[in-house]
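Engineer:
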């Protein structure tokens, strides 16, 4: 089977693989110089090929439609939608980051809109069950960071008691770049008793080698600020929580997860695998 | 020069500057639309692809560009290609469609081209492409523009699965050397 991996470069390049195949191939790719070389060559050559397209005039009004849709998405209120089914919850529950966002003010606005909204309760229920699941996973996992567990446990208790904490922001984390993989996750910022906490949960992450660790980053503009390292269990699941009190005035543009050669890097040295959308 | 400009505009987009996105849209609309059209083959679908690409740019969900990734134009074109392939897969489109019909590289009805650079590029690559054997052109078409799987390519041209990659490599290498000959000073 292994020697055939090299043949799968075609399907990898063309995104014609399921998650497992892709993962297997990426593992192979990491150690196969000839595939790496060939992939680089294909990529280099590809850069010319799009220009082969016959120039075509875009349809009437396309610019307005496209830009309106892009910006409309942006302005949607960051509120959960009604009537989640169990399966939808995982995919859709988290709202997207809207614009660059200064925590103080945005938090106030969000809180107001949340309080005025009856959906809040079901949102919390969802969060509670998600958190519960998370904590169950957490128990199975050998977390390196006791702190993470402690904080999660606190969150869980709070949630079960009826939700003392408030969700300030939630976002899906998805793989970025062309070399997609199956990993995904979520980032949630909650406020409880005046503490701001960032909770990150990931699934289907690639296996770590040696001293490697995943690391969360809060990105302000172009500047990444470390927000906790973590490892995963044998099923690729992991989580971390991080106190954001020091970042009260930070404008969080994005939250990202990178693969670092060792835990607690101050600057990302590895590749960014997941990022908020 | 061009790279600088794109990079600057892109930097503004990351800061959620709507005008910057519009500027970038204006610059790339036609190229991205035409490329997407070649891949997904209906204007409606191509528009959806371009919209998806713009959304990815705006949200940063298609990855963040930096200069290490090469030219900005290549980056955004790759994103367009990947988005097109995703689109095709989601639509699970009638794949049996006119592989042959679409092969007309020597199309006669190209509209007058206003973007000079693109036109030159296109002439150059077209010329290189037409100097390849029909079968190699076909391979590149299926591989690059249709994003076919290895198996589909094998089935289409009736060759063993294991030889597909070799065919692609050969076709790309020929294309590359043709392009190099045209350019003369290249590499």
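Protein chains in written order, with UniProt numbering: chain A, 1 to 277; chain B, 1 to 187.
We treat Cβ as the ideally placed atom computed from N, Cα and C, and that holds for glycine.
At a Cβ cut of 9 Å, what residues of the region 10 to 22 of chain A count as close to chain B, listed as they run along the chain?
Structural biologist: Under the 9 Å Cβ criterion, the region 10 to 22 of chain A contributes 10, 11, 13, 14, 15, 16 and 17.
Engineer: Output yes if chain E places a C-beta closer than 7 Å to the C-beta of residue 157 of chain B; else output no.
Structural biologist: Given the protein chain composition of this structure (A and B), no chain E is represented.
Engineer: Relative to the C-alpha of residue 43 of chain A, which candidate in B:171, B:148 and B:78 has its C-alpha closest?
Structural biologist: Of the candidates B:171, B:148 and B:78, the one whose C-alpha sits nearest the C-alpha of residue 43 of chain A is B:78.
Engineer: Flag residue 133 of chain B as yes if its beta-carbon sits less than 7 Å from any beta-carbon of chain A, otherwise no.
Structural biologist: No, no contact with chain A.
Engineer: Reducing DSSP to helix, strand and coil, say where residue 56 of chain A ends up.
Structural biologist: Residue 56 of chain A: coil per DSSP, three-state reduction.
Engineer: What residues in the region 46 to 65 of chain A bring their beta carbon closer than 9 Å to a beta carbon of chain B?
Structural biologist: For the region 46 to 65 of chain A, which is checked against every Cβ of chain B, the residues closer than 9 Å are 46, 47, 48, 49, 50, 51, 52, 53, 54, 55, 56, 57, 58, 59, 62, 63 and 65.
Engineer: Going by alpha carbons, who is nearest to residue 11 of chain B out of B:60, B:136 and B:126?
Structural biologist: Residue B:60 is the option with its Cα nearest to residue 11 of chain B.
Engineer: What in chain A is Cβ-close to residue 83 of chain B, meaning under 9 Å?
Structural biologist: Per Cβ cutoff of 9 Å: no residues; residue 83 of chain B is ~10 Å from chain A at best.
Engineer: Cutting at 8 Å between CB atoms, please list the residues of its own chain near residue 208 of chain A, excluding the five before and the five after it.
Structural biologist: The residues are 214, 231, 232 and 259.
Engineer: CB residue 256 of chain A to CB residue 275 of chain A, shorter than 7 Å?
Structural biologist: Cβ distance < 7 Å, so residue 256 of chain A and residue 275 of chain A count as in contact.
Engineer: State the start and end residues of the unbroken alpha helix (DSSP H) segment that holds residue 43 of chain B.
Structural biologist: Residue 43 of chain B -> alpha helix (DSSP H) spans 43 to 59.
Engineer: So, is residue 20 of chain A buried or exposed, given that buried needs 16 or more other C-beta atoms within 10 angstroms?
Structural biologist: So residue 20 of chain A counts as exposed.
Engineer: For residue 25 of chain B, I'd like the list of residues in its chain whose CB is within less than 7 Å of its CB, leaving aside the five on either flank, ordered along the chain.
Structural biologist: Cβ neighbours of residue 25 of chain B beyond the five flanking positions: 54.
Engineer: Roughly how many angstroms separate the alpha carbons of residue 71 of chain A and residue 52 of chain B, rounded to a whole number?
Structural biologist: Distance between the alpha carbons of residue 71 of chain A and residue 52 of chain B: 12 Å.
Engineer: Starting from the Cα of residue 47 of chain A, find the closest Cα among B:85, B:75, B:33 and B:28 and give me that residue.
Structural biologist: Of the candidates B:85, B:75, B:33 and B:28, the one whose C-alpha sits nearest the C-alpha of residue 47 of chain A is B:75.
Engineer: Enumerate in chain order the residues of its own chain whose CB-to-CB distance from residue 229 of chain A is below 6 Å, with the five nearest sequence positions on each side excluded.
Structural biologist: Around residue 229 of chain A: 213, 215, 263 and 264.
Engineer: Measure how close the beta-carbons of residue 273 of chain A and residue 194 of chain A come, nearest whole angstrom, since I'm counting them as under 8 Å.
Structural biologist: 32 Å between Cβ atoms; not a contact.
Engineer: With 7 Å set as the bound, which would you pick, yes or no: does the beta-carbon of residue 252 of chain A sit closer than that to a beta-carbon of chain B?
Structural biologist: Judged by the 7 Å Cβ criterion, residue 252 of chain A is not in contact with chain B.
Engineer: Does the beta carbon of residue 277 of chain A sit closer than 7 Å to a beta carbon anywhere in chain B?
Structural biologist: Closer than 7 Å: yes.
Engineer: How long is the line joining the alpha carbons of residue 235 of chain A and residue 180 of chain B, rounded to whole angstroms?
Structural biologist: If I take the Cα positions, the gap works out to 48 Å.
Engineer: Do residue 84 of chain B and residue 50 of chain B have their beta-carbon atoms positioned less than 7 Å apart in this structure?
Structural biologist: No. Outside cutoff.
Engineer: Indicate the three-state DSSP secondary structure (helix, strand or coil) for residue 195 of chain A in the structure shown.
Structural biologist: Reduced to three states, the DSSP call for residue 195 of chain A is strand.
Engineer: Tell me the rounded alpha-carbon separation between residue 18 of chain B and residue 135 of chain B.
Structural biologist: In a straight line, the C-alpha of residue 18 of chain B is about 45 Å away from that of residue 135 of chain B.
Engineer: Tell whether a beta-carbon distance below 7 Å holds between residue 14 of chain A and residue 147 of chain B.
Structural biologist: Yes, the pair counts as a contact, with Cβ atoms nearer than the cut-off.
Engineer: Identify, in the order they occur along the chain, each residue of the same chain with its Cβ nearer than 6 Å to the Cβ of residue 137 of chain B, setting aside the five sequence neighbours on each side.
Structural biologist: So the list reads 129, once near-sequence residues are dropped.
Engineer: Of the residues B:144, B:175, B:155 and B:164, which one's Cα is nearest the Cα of residue 131 of chain B?
Structural biologist: Ranking B:144, B:175, B:155 and B:164 by Cα distance to residue 131 of chain B puts B:175 first.
Engineer: In its own chain, which residues sit with a C-beta less than 7 Å from the C-beta of residue 80 of chain B, not counting the 5 before and 5 after it?
Structural biologist: Within the same chain, residue 80 of chain B has close Cβ partners 32, 35, 36, 49 and 53.
Engineer: From what residue to what residue does the beta strand (DSSP E) around residue 214 of chain A run?
Structural biologist: Where residue 214 of chain A is concerned, the enclosing beta strand (DSSP E) stretches over 213 to 220.
Engineer: In whole angstroms, give me the CA-to-CA distance for residue 56 of chain B and residue 45 of chain B.
Structural biologist: Approximately 16 Å, taken between the alpha carbons.
Engineer: Name the residues in the region 20 to 32 of chain B whose C-beta lies less than 8 Å from a C-beta of chain A; which are they?
Structural biologist: Answer set for the region 20 to 32 of chain B: 21, 22, 25, 26, 29, 30 and 31.
Engineer: Cβ atoms of residue 145 of chain B and residue 38 of chain B: under 7 Å apart, would you say?
Structural biologist: Yes; because the gap between Cβ atoms is below 7 Å, this pair is in contact.
Engineer: Can you name, in chain order, every residue of its own chain whose Cβ lies under 6 Å from the Cβ of residue 62 of chain B, other than the five neighbours on each side?
Structural biologist: Excluding positions up to five away in sequence, the list reads 56 and 79.
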